[in-house]
């Protein structure tokens, strides 16, 4: 008999999640690309700029998350060096001291 490899529900749905995340990027980018009106008040300008900054951070997070999920789905392990760069300096120093 041949063995049937059972895939987890998580792994089955990863491609759908990745595709949805990719689709969300274009929607978030519309916030970044939108023009700011010249006659906007200062308090509203602050909120618009804050929304644009948050949208840019969301795009960056989404891109990184897509990479992580695709690597996980494809069984690719990310190098520890790239992971340690995102750690805070104290943790990075401790990791280097342990080597």
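Residue numbers (UniProt numbering): 1 to 99. Positions of the beta carbon are idealized from the N, C-alpha and C atoms, including for glycine. Since we're looking at a predicted model, the values are computed, not measured.
Taking residue 67 and residue 28 to be in contact with their CB atoms under 8 Å, please state how far apart those CB atoms are, rounded to whole angstroms. So it is not a contact: roughly 16 Å between Cβ atoms.
Less than 8 Å separating the beta-carbons of residue 70 and residue 18? yes
Compute the Euclidean distance between the alpha carbons of residue 34 and residue 6, then round it to the nearest angstrom. 46 Å
DSSP three-state label for residue 27, please. Three-state result, residue 27: helix.
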